[in-house]
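Residue numbers (the UniProt record's numbering): 1 to 360. Each residue gets a CB set at the ideal place from its N, CA and C atoms; glycine is no exception. Heads up: the structure comes next, in structure tokens.
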């Protein structure tokens, strides 16, 4: 009897610890996006690898505008699906084909390259116009603009502006577009001067930006007024550089400069910056002065909690999306498969994509 009581007490203790850990992160809304299929508004079914395993759909990019509309890119159909705040389908946006002169000799090779390397990065401005940066091969080459109804407006002529540079990403802050570039001849060097080009939302050149923090995970940019405008993390090839131009609290400086465990996620409309910390695994939020204002622990027990309570598997646990108002979203797959294993052969009828809003 004594042994039974001890085992029961141990079970209660373990359950309490698990529930305590799970409550460090609170999911206050689970949103069904939609199921896979070929009907309007449904995500593509992906493709089969040659060895027979299905390729699991992963959003190429997810964006949220100021009115909480969601934009989800389906890499395989090369379409962007737009949903309202309740996840009701609004419309789909097609990426126009690139205008190139192809001959019979390179047509198939170019088609294969476009299929393999297609990738996009999305941003929405304050007027809810959608901007899409399209990657072909290793670098982004096309910047497209769509209105709030999904109508294609223009393709920016930016290649002449970026002579001897390659586009590596972009952000939109207010009414300005910040395009991150790398020197074409010094891609692996610590080339940190004047590599951010600033244009307006019509494509007119405005300025170039400098950098005030550089670490092994990337760079934090400023404009000429020393205001935080955006952050970018291109690779781990950049050397560590200390600076006095941004005053950060001791904890943030230690993690960023010394242990190099922080990775930038995004910023909200208040210019708060969201970073992902590896040790421990958490989301840190800092204000424009560099002071940590929130710290969200993401523990392994929470992933188990999601599986057991909601049957949700998050294959890319480090993928987070920040809404303009500061809400944090991640995505996962809800499956009817009892093993919860997404890497076995399954039917698309048994799986759906879900968005989860996280409260701190």
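Cβ neighbour criterion (16 or more within 10 Å) applied to residue i
i           : result
residue 205 : exposed
residue 138 : exposed
residue 149 : exposed
residue 197 : buried
residue 304 : exposed
residue 355 : buried
residue 293 : exposed
residue 330 : buried
residue 207 : exposed
residue 151 : exposed
residue 200 : exposed
residue 98  : exposed
residue 160 : exposed
residue 63  : buried
residue 86  : exposed
Residues sharing a beta bridge with residue i, DSSP
i           : result
residue 150 : The partner list for residue 150 (beta bridge, DSSP) is empty, contrary to what the question assumes.
residue 362 : With the chain running from 1 to 360 in the structure shown, residue 362 is simply not present.
residue 272 : Answer is none; residue 272 lacks a bridge partner.
residue 64  : 70
residue 91  : 82
residue 305 : BP columns for residue 305 are empty, so no partner.
residue 176 : 173 and 200
residue 266 : 274
residue 312 : 334
Other residues of its chain near residue i: CB distance less than 6 Å, five sequence neighbours each side excluded
i           : result
residue 351 : 333 and 335
residue 162 : 181
residue 176 : 198
residue 306 : 312
residue 310 : none
residue 140 : 133 and 167
residue 125 : 172 and 201
residue 52  : Model confidence at residue 52 stands at a pLDDT of 40, short of 50, so the residue's coordinates are unreliable and nothing is read from them.
Distance between beta carbons of residue j and residue i, contact taken as under 8 Å
i           : j           : result
residue 79  : residue 94  : 6 Å
residue 155 : residue 136 : Not quite, the Cβ-Cβ distance comes to about 13 Å (not below 8 Å), so this is no contact.
residue 61  : residue 121 : 6 Å
residue 284 : residue 295 : 5 Å
Of the listed residues the options, nearest to residue i (C-alpha basis)
i           : options               : result
residue 270 : 201, 75 and 322       : 322
residue 134 : 295, 125, 96 and 160  : 96
residue 68  : 331, 358, 327 and 353 : 327
residue 83  : 65, 76 and 77         : 65
residue 202 : 266, 119, 130 and 314 : 130
residue 286 : 277, 298, 273 and 127 : 273
residue 89  : 132, 42, 124 and 128  : 42
residue 123 : 173, 167, 166 and 165 : 173
Close-in-space but distant-in-sequence residues of the same chain around residue i (CB under 7 Å, 5 per side omitted)
i           : result
residue 153 : 145, 146 and 147
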